[in-house]
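Protein chains in written order, with our numbering: chain A, 67 to 450; chain B, 67 to 450.
Quick reminder that beta carbons are idealized off the backbone N, C-alpha and C, glycines included.
Here the structure is laid out as structure tokens; the discussion comes afterwards.
Protein chains: 2
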Amino acid sequence: MNYFSSNFKLGILGGGQLGKMLLNDTRKFDIHTSVLDASPEAPCKIACNEFHLGDLMDFDAVYNFGKTVDVLTFEIENVNTNALEALEKEGVKVYPSSKTLRTIQNKATQKLFYVDNGIPTADFSRFAYTNQIEDAVDNGGLKLPFVWKSTQFGYDGNGVKVVRKIEDLEGLPNVECITETMIPFKNELAVIVVRNPNGNVATYPVVEMEFHPEANQVEYVICPARISPEVAKKATDIALKVSKAYNHVGLLAVEMFQTNNDDILVNEVAPRPHNSGHQTIEASYTSQFEQHLRAILNLPLGRTDNKTAGVMVNLVGAEGYTGNVIYKNIEKIMAMPGVTPHIYGKRETRPFRKMGHVTIISESIEDARKIAEDVKNAIQVISE
Amino acid sequence: MNYFSSNFKLGILGGGQLGKMLLNDTRKFDIHTSVLDASPEAPCKIACNEFHLGDLMDFDAVYNFGKTVDVLTFEIENVNTNALEALEKEGVKVYPSSKTLRTIQNKATQKLFYVDNGIPTADFSRFAYTNQIEDAVDNGGLKLPFVWKSTQFGYDGNGVKVVRKIEDLEGLPNVECITETMIPFKNELAVIVVRNPNGNVATYPVVEMEFHPEANQVEYVICPARISPEVAKKATDIALKVSKAYNHVGLLAVEMFQTNNDDILVNEVAPRPHNSGHQTIEASYTSQFEQHLRAILNLPLGRTDNKTAGVMVNLVGAEGYTGNVIYKNIEKIMAMPGVTPHIYGKRETRPFRKMGHVTIISESIEDARKIAEDVKNAIQVISE
């Protein structure tokens, strides 16, 4: 198929910030793009050829949209997989596939998939409803502390809570959920694996994530991770094993824990461009967004190694501020060497809302990390 | 001024490919953009917030458009400078200024400017009309061979011709023009200088250009240029002198000849993102497009050094093909390491039409140059 012609059409489910960054890279290849999103104010609107309004969980909306494109991908996991399956049967290329997405969409199914495929992951229990957890604790079937996770619709720290005492369950939605054993770990790591339909596979360098202790959102993504070559190899091998098990097409971001005795446990995966890969825009030979396009269009994969070291800082709304956003000191951080802000264009900030990210690149990871801290200390996402 | 808010509006005169790449980088800062172009099919349409139809040489069109924005820039030199001047008087920030642009727009004025400012440039003569040249040759006032240049509206090899014998003048438009002494040179070099209203200045590394012998279009841009540090310093110093003389704001691409005895002569300048800076997207710490935005918004300038070596290959229509374009072997070049195509999305190709460019990056300039030749030998811009 000739992708570089106006007859070809790429469909993207979801019109958010990830989709917008993906669309930016479609410009390199002059791919004709069509986006489906439920919001008439979706960020993607500025960067696509066609925009369609529709609910991503609605069968008809996704199916009818999918029928108008040649290749269909998504920037968010919460889409109607039955519609994807129906489209696949009718010859639309859906990447990642409905099968891959189904297993990932539900965290309980995802965990069972790891167990079935011999992939190391933290022990867990599955509950049909959150209100069944208290009984399990009372009768000794479940020990505190643990991590509560909604099986669906959780992302960026939503749908996840550390439960140290039974009262911490209060206020949680009464939904299907899992509880995971708390693993004491040294590091949270991630590896992005990319695979095209031809079966070509490549991995990005291991990144290290530092989370904000309260908001449970990534604060720094550090690439390459400051770990031993042995641990990096182990993490990469496990990520490849996960990738092989899913037999996915496109990007697969594999998030992992490095335990205190250097075991690697898979936490969760995302079959799309991911927060742990934003630094690839500036630091890698091929950005994760270009790479996803190469993969789903069955083009040759690009180099995945680093041009420079890179650190990514999430820009989240400061506590105590809600309203029209101001990026205080943004000019100050732009004067620091190797610093590029990415502002997502949301008008209103609120505590911990993800408003953008900043990439810091440098010849040395130590310098990049140091500048990243200066960035973090200087910039404030506040309201007018 | 708070650029990172929806109240601010950046205006761009010209909706072509350079503008589109500039617009892509406005997304990092979430700048609200408005574009004026005469074509309803301008490439920029996909990437701007607002699009206005209008002739860039028409006073009213430019003036009325300019009144709706806070900062006004352009991606093409052929715009109405009287309108820019009127806008400046009414407080619109026009970068580069009407004064800078006026001097550059007319090649005769540009050459006189170099002479007035002690900037080395090839000797030249000015003619009100092309048909006056033959007399000058006949009466011994002008010697063959020379380079004929239209003083206006020339770019990408249009409006330029090497005249070796008097018959070569046939078919040239009868317009205001200059004739330049042919300078035997080793290299064509270029330096991009950036300057913001605060007076901060930075220079990109010297690049070396190889031109296609027939089409007079750049075939390879090589960064860093394979020249001695002394020559690089001389070229950079002269580019800075030109920049200082213009007192410009934004990018200034300074094209130069390195003569056989290592003198540097300024050929011409462009006050905007330039073909000689496309490799900065992948190879530099800060792309020329982001840098132009930083400059015209009076933000701190970004690093201008290289992350990697880079070579840029122009994709121009092959001879003998006119019609719906096909990028033959594009998948083959995408399998080469460090290769990213940039397809401009023009539907029809014709001989020597600029259809896109390809960037090749690598740790070593020798490797990048070698791969660039493989790219050049493999890809063919042909028609269906």
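In whole angstroms, what separates the C-alpha of residue i from that of residue j?
| i | j | result |
| --- | --- | --- |
| residue 353 of chain B | residue 130 of chain A | 40 Å |
| residue 176 of chain A | residue 339 of chain B | 48 Å |
| residue 136 of chain B | residue 284 of chain B | 35 Å |
| residue 449 of chain A | residue 74 of chain B | 17 Å |
| residue 320 of chain B | residue 303 of chain B | 11 Å |
| residue 366 of chain A | residue 150 of chain A | 25 Å |
| residue 262 of chain B | residue 163 of chain B | 12 Å |
| residue 453 of chain B | residue 79 of chain B | Only positions 67 to 450 of chain B appear in this structure, which leaves residue 453 of chain B out of reach. |
| residue 108 of chain A | residue 81 of chain B | 24 Å |
| residue 110 of chain B | residue 93 of chain A | 11 Å |
| residue 328 of chain B | residue 185 of chain B | 15 Å |
| residue 122 of chain A | residue 101 of chain A | 11 Å |
| residue 120 of chain B | residue 144 of chain B | 13 Å |
| residue 128 of chain B | residue 117 of chain B | 13 Å |
| residue 324 of chain A | residue 207 of chain A | 27 Å |
| residue 267 of chain A | residue 294 of chain A | 23 Å |
| residue 159 of chain B | residue 138 of chain B | 6 Å |
| residue 390 of chain B | residue 355 of chain A | 28 Å |
| residue 331 of chain A | residue 291 of chain A | 16 Å |
| residue 244 of chain A | residue 146 of chain A | 22 Å |
| residue 179 of chain A | residue 334 of chain A | 11 Å |
Quick check on the DSSP output: the beta strand (DSSP E) that includes residue i runs from which residue to which?
| i | result |
| --- | --- |
| residue 423 of chain A | 420-428 |
| residue 394 of chain B | 389-394 |
| residue 319 of chain B | 316-325 |
| residue 100 of chain A | 99-103 |
| residue 231 of chain A | Element bounds for residue 231 of chain A: n/a, residue is neither H nor E. |
| residue 268 of chain A | 267-269 |
| residue 436 of chain A | No beta strand (DSSP E) holds residue 436 of chain A; the alpha helix (DSSP H) holding it covers 431-444. |
| residue 338 of chain B | Element bounds for residue 338 of chain B: n/a, residue is neither H nor E. |
| residue 137 of chain A | 137-140 |
| residue 78 of chain B | 76-79 |
| residue 374 of chain B | Unbroken run through residue 374 of chain B: none, as it is neither H nor E. |
| residue 285 of chain B | 284-289 |
| residue 192 of chain A | 190-193 |
| residue 247 of chain A | 243-247 |
| residue 162 of chain A | Note, residue 162 of chain A: premise wrong, no beta strand (DSSP E); not H, not E. |
| residue 408 of chain A | 405-409 |
| residue 276 of chain A | 273-277 |
First and last residue of the alpha helix (DSSP H) that includes residue i?
| i | result |
| --- | --- |
| residue 203 of chain B | 199-204 |
| residue 117 of chain A | Segment 116-119 is the beta strand (DSSP E) holding residue 117 of chain A; no alpha helix (DSSP H) there. |
| residue 253 of chain B | Not the alpha helix (DSSP H): residue 253 of chain B falls in the beta strand (DSSP E), residues 251-261. |
| residue 216 of chain B | Unbroken run through residue 216 of chain B is the beta strand (DSSP E), 212-216; no alpha helix (DSSP H). |
| residue 123 of chain B | No alpha helix (DSSP H) holds residue 123 of chain B; DSSP gives it neither H nor E. |
Using CA coordinates, which residue listed in the options is at the minimum distance from residue i?
| i | options | result |
| --- | --- | --- |
| residue 83 of chain A | A/134, A/211, A/142 | A/142 |
| residue 346 of chain B | B/109, B/299, B/369 | B/369 |
| residue 305 of chain B | B/292, B/272, B/291 | B/272 |
| residue 96 of chain A | B/103, B/442, B/413, B/446 | B/413 |
| residue 255 of chain A | A/249, A/232, A/287, A/248 | A/287 |
| residue 192 of chain B | B/332, B/167, B/218, B/183 | B/218 |
| residue 199 of chain B | B/214, B/103, B/378 | B/214 |
| residue 259 of chain B | B/357, B/423, B/326 | B/357 |
| residue 326 of chain A | A/248, A/403, A/308, A/421 | A/248 |
| residue 307 of chain A | A/294, A/295, A/322 | A/322 |
| residue 376 of chain A | A/392, A/416, A/438, A/331 | A/438 |
| residue 87 of chain A | A/423, A/314, A/434 | A/423 |
Which chain B residues sit within Cβ distance under 8 Å of residue i?
| i | result |
| --- | --- |
| residue 94 of chain A | 406, 407, 408, 409 |
| residue 400 of chain A | 360, 365, 366, 368 |
Anything in chain A within Cβ reach of residue i, meaning under 8 Å, just list it in chain order.
| i | result |
| --- | --- |
| residue 86 of chain B | 93 |
| residue 427 of chain B | 351, 373 |
Show which residues of chain A have a CB atom less than 7 Å away from the CB atom of residue i.
| i | result |
| --- | --- |
| residue 397 of chain B | 365, 366 |
| residue 90 of chain B | 90, 93 |
| residue 403 of chain B | 369 |
Just the chain B side, please: which residues come within less than 7 Å of residue i by C-beta, in chain order?
| i | result |
| --- | --- |
| residue 70 of chain A | 393, 396, 409 |
Is there a Cβ from chain E that is less than 7 Å from the Cβ of residue i?
| i | result |
| --- | --- |
| residue 351 of chain A | The structure shown has no chain E; the protein chains it does contain are A and B. |
What residues of chain B sit near residue i, judged by a beta carbon separation below 9 Å?
| i | result |
| --- | --- |
| residue 356 of chain A | 406 |
Interface residues of the segment 369-381 of chain A facing chain B [CB-CB below 8 Å]: Only those residues of the segment 369-381 of chain A whose C-beta falls short of 8 Å from the nearest C-beta of chain B are listed: 369, 373, 374.
Which residues, in chain order, does the segment 106-128 of chain B contribute to contact with chain A at a C-beta distance below 8 Å? Taking 8 Å as the Cβ-Cβ cut-off against chain A, the residues of the segment 106-128 of chain B that qualify are 112, 113, 114, 115.
Give, in chain order, every residue of the segment 255-269 of chain B whose Cβ lies closer than 7 Å to some Cβ of chain A. Within the segment 255-269 of chain B, no residue places its CB atom closer than 7 Å to a CB of chain A.
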